[in-house]
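K.L.:
Supplied in structure tokens, the structure appears directly below.
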Amino acid sequence: MRPELGLYVYPWDFGPAAEETLEGIRGWGVARLLIATAYHSARIRSLRGAHPAHIEPTPNVVRSSLAMARFGEVRPREASEVERARVRHLAALCRGAEVHTTAWVVGLHNSRIARTFPEVAALDAFGSRASHALCPANPASRRYLCELVAQIAASGDFDDVMVEGVGFMTSRDSQPHFISATSESAWSRRLEAICFCRACCDAMENAGLRPDEFARRVRDVLGEYWNLPWSDAELEPPDDLRSMVDLWFSNRRSIVASLCRELVDAASGVPLSVSAGGWGSDLREPDEGVDPGQVLAAGAGVNLLPYDVSPGEAASYLRDDDSRARSTTVTFTFAAAARPARSRIENELAAYQTLGVSRFALYNWSILPGSVVPWIGELAGGMS
Ligand SMILES: [Zn+2]
């Protein structure tokens with residue numbers, strides 16, 4: 002299959018010269034735009050203007066027209082007509098230019114909803130509600146996300162939908178700015194992000210766990226670790242806690258997979274994919290509970306974000322089943338924290354193509370330093 006390169010974009014970067022801008026992007030060999038349609042709050046260093054600038058787009062809004070009455074109690078906020086029209090216009094320009102369009106939908110990361118409807122927000126073992134993370138086990142947050150996807154898919158503006166944030170949010174994704182003086186390690190991050198909301202506790206009981214005891218052990222172990230002098234030592238949880246986590250995580254993967262199945266149904270025939278394998282994730286033991294194999298079995302495509310996973314590590318997953326590579330998009334990030342060297346991206350692009358992957362995407366055009374913009378065309382040219 003001919004390889005395809007997609008590009009994540011923010012619609013607010015397409016102003017009066019949208020047609021010309023799109024033509025330039027298409028000229029680099031980009032065949033798909035992933036357009037931020039439902040997006041969380043963010044402060045973005047955007048270099049698109051005459052001067053370097055920091056942009057804070059309207060937070061937590063949906064840039065597509067919505068029938069609010071069809072939502073349950075948990076409702077999104079619609080962007081202004083001007084912002085919605087900009088997305089419609091960009092999508093129409095893409096159709097005219099034979100560039101595919103993906104609605105890039107941020108799912109369960111929404112600080113307005115978490116604050117307005119705290120009962121759907123994740124609840125940690127210490128009893129603190131997340132300020133931005135909605136729990137995927139909660140029926141009301143699932144209904145919200147399914148309705149959102151249904152309406153965006155039915156808008157007719159997009160060829161498909163990609164949902165970012167369908168799982169349990171990790172502690173790395175904090176909002177607002179997080180202040181702490183304790184050590185951190187993979188296990189401490191894993192434990193602090195475990196949700197003990199009502200829906201999760203019910204599911205834990207169904208899995209044979211005692212949620213009160215589980216939460217108490219998480220508090221004990223984290224409380225002790227956090228009060229140690231600073232250290233690079235990995236937290237090693239005691240066996241009893243580790244076995245509780247193992248049992249819960251295997252159940253959580255099914256909770257997320259069933260949400261993916263509901264999202265596929267909600268999209269009513271419009272292809273849907275979900276993001277998996279972000280920061281700090283091990284594909285075999287995903288902290289977000291998004292298991293790529295189960296996502297594919299649920300009928301959704303996988304948008305693999307292999308920030309901490311090499312093609313070699315992804316190979317066993319991709320080779321497990323011939324159809325996996327065909328249903329997987331690999332996204333490379335230009336976010337500074339990933340320290341993306343061009344040679345690394347080129348090498349990984351080639352390695353993933355060898356593994357049978359033909360769909361790739363770059364995150365994201367709107368934040369690229371000027372000297373890196375030419376990479377887009379060069380990477381696209383090297384793929385064909
Ligand atoms: Zn929960």
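Using the numbering used here, the first residue of the sequence shown is number 2, and each one after it goes up by one. Using N, Cα and C, we set each Cβ at its ideal position, and we do this for glycine too.
1) Spatial neighbours of S359 within its chain, please: C-beta separation below 8 Å, excluding the five flanking residues on both sides.
2) Might you give, ordered along the chain, the residues of its own chain that have their beta carbon closer than 7 Å to the beta carbon of P212, omitting 5 neighbours on each side?
3) Can you have a look at G290 and say buried or exposed, based on whether 16 or more other CB atoms are within 10 angstroms of its CB?
4) Kindly say whether C196, judged by its beta-carbon, lies nearer than 9 Å to any beta-carbon of chain C.
5) For the alpha helix (DSSP H) that contains L8, what are its first and last residues?
6) Compute the Euclidean distance between the alpha carbons of N139 and S251, then round it to the nearest angstrom.
7) Output needed for A301: all residues of its chain with C-beta closer than 7 Å, excluding positions within five of it in sequence on either side, in chain order.
8) Residues in its own chain within less than 6 Å of A134 by CB, not counting five upstream and five downstream?
9) Secondary structure at R78, three-state DSSP: helix, strand or coil?
10) On the DSSP letters alone, give me the boundaries of the alpha helix (DSSP H) that T22 sits inside.
11) Using only the alpha-carbon positions, how far apart do I386 and D241 sit?
12) Less than 6 Å between C-beta atoms, sequence neighbours within five positions excluded: which residues of the same chain meet that for T329?
13) Just how far apart, CA to CA, sit C147 and V106?
14) Helix, strand or coil: which one does DSSP assign to S276?
15) Under DSSP, the beta strand (DSSP E) around W105 begins and ends at which residues?
16) Using only the heavy atoms of ligand 1, determine whether one of them is closer than 8 Å to the beta carbon of N348.
17) Nearest-angstrom Cα distance between S189 and G224?
18) Go ahead and pull the three-state DSSP assignment for D161.
19) Output yes or no for whether 9 Å exceeds the beta carbon distance between S132 and R144.
20) Determine the direct distance from the alpha carbon of S172 to that of R191, and round the result to whole angstroms.
21) Does the beta carbon of C95 fall short of 8 Å from some heavy atom of ligand 1?
22) Between the Cα of V246 and those of V257, A336, L236 and V219, spot the shortest distance and give me the residue it belongs to.
23) Just reading off the beta strand (DSSP E) that N111 is part of, what are its end residues?
24) Between A43 and P58, which are expected to be in contact by the criterion C-beta below 8 Å, what is the C-beta distance as a whole number of angstroms?
25) Taking D174 as the reference, give the member of C95, A194 and R71 with the closest Cα.
26) What's the C-alpha gap between T102 and A70?
27) Taking Cβ positions, are L363 and G128 nearer each other than 9 Å?
28) Within the present structure, is the beta-carbon of C147 separated from the nearest heavy atom of ligand 1 by less than 8 Å?
29) Would you check whether ligand 1 has a heavy atom nearer than 8 Å to the C-beta of L109?
30) Apply the 10 Å Cβ neighbour rule to E349 and answer buried if 16 or more other Cβ atoms are within range, or exposed otherwise.
31) Please list the segments of the beta strand (DSSP E) lying wholly inside the stretch 149–210, counting only runs of 3 or more residues, in order along the chain.
32) Does T355 come out as helix, strand or coil in the three-state DSSP assignment?
33) Among the residues of its own chain, which have a CB less than 6 Å from the CB of S232, if the five just before and after it don't count?
34) Below 8 Å, is the gap between the Cβ of A141 and the nearest heavy atom of ligand 1?
35) From the DSSP output, in three-state form, read off A362 for me.
36) Nearest to E99 by CA position, among D160, Y226, A80 and P17, is which residue?
P.N.:
On the basis of the supplied data:
1) For S359, same chain residues with a beta-carbon under 8 Å away, outside a window of 5 residues either side, are M2, R3, P4, E5, A326 and R327 in chain order.
2) Within the same chain, Cβ atoms closer than 7 Å to the Cβ of P212 are found at F197, C202, M205 and E206, the five residues on either side in sequence being excluded.
3) Around the beta carbon of G290, 16 or more other beta carbons sit within 10 angstroms, so the residue counts as buried.
4) Annotation note: the requested chain C is absent from the structure, which comprises a single protein chain.
5) In this chain, L8 is not harboured by any alpha helix (DSSP H); it is covered by the beta strand (DSSP E) spanning E5 to V10.
6) CA-to-CA, the gap between N139 and S251 works out to about 18 Å.
7) A distance below 7 Å between beta-carbons, with the five flanking residues on each side excluded, links A301 to the following residues of its chain, in chain order: C261, L264, V265, L273, S274 and V275.
8) Contacts found: A123 and M170.
9) If DSSP states are grouped into helix, strand and coil, R78 belongs with the strands.
10) T22 -> alpha helix (DSSP H) spans A19 to G28.
11) Since the first residue of the chain shown is 2 and the last is 385, residue 386 is not available in this structure.
12) Listed in chain order, the non-local C-beta contacts of T329 below 6 Å within the same chain comprise V303, L305 and V358, local neighbours out to five positions each way being set aside.
13) Taking the straight line joining both Cα atoms gives about 11 Å.
14) Taken through DSSP and simplified to helix, strand or coil, S276 comes out as strand.
15) Following the DSSP letters along the chain, one finds W105 inside the beta strand (DSSP E) bounded by residues H101 to V107.
16) Incorrect: N348 has no Cβ contact closer than 8 Å to ligand 1.
17) Roughly 10 Å separates the two Cα atoms.
18) Secondary structure at D161: strand, using DSSP grouped into helix, strand and coil.
19) For S132 and R144, no; Cβs fall outside 9 Å.
20) C-alpha separation (whole angstroms): 8 Å.
21) No, ligand 1 has no heavy atom inside 8 Å of this Cβ.
22) When each option's Cα is compared against that of V246, the closest is V219.
23) Membership of N111 in any beta strand (DSSP E) is not indicated, and neither H nor E is assigned to it by DSSP.
24) That pair is a contact at about 7 Å.
25) Its Cα nearest to that of D174, the residue A194 stands out among C95, A194 and R71.
26) The straight-line gap from Cα to Cα measures roughly 27 Å.
27) Not a contact, by the Cβ cut-off of 9 Å.
28) Every heavy atom of ligand 1 is 8 Å or more from the Cβ of C147, so no.
29) No, the beta carbon of L109 sits no closer than 8 Å to any heavy atom of ligand 1.
30) When all chains shown are included, E349 counts as buried.
31) Complete beta strand (DSSP E) runs here, min 3: 161–165.
32) Assigned with DSSP and collapsed to three states, T355 falls in helix.
33) The residues are S184.
34) Not under cutoff, so the answer is no.
35) If DSSP states are grouped into helix, strand and coil, A362 belongs with the strands.
36) Here the closest residue by C-alpha is D160.
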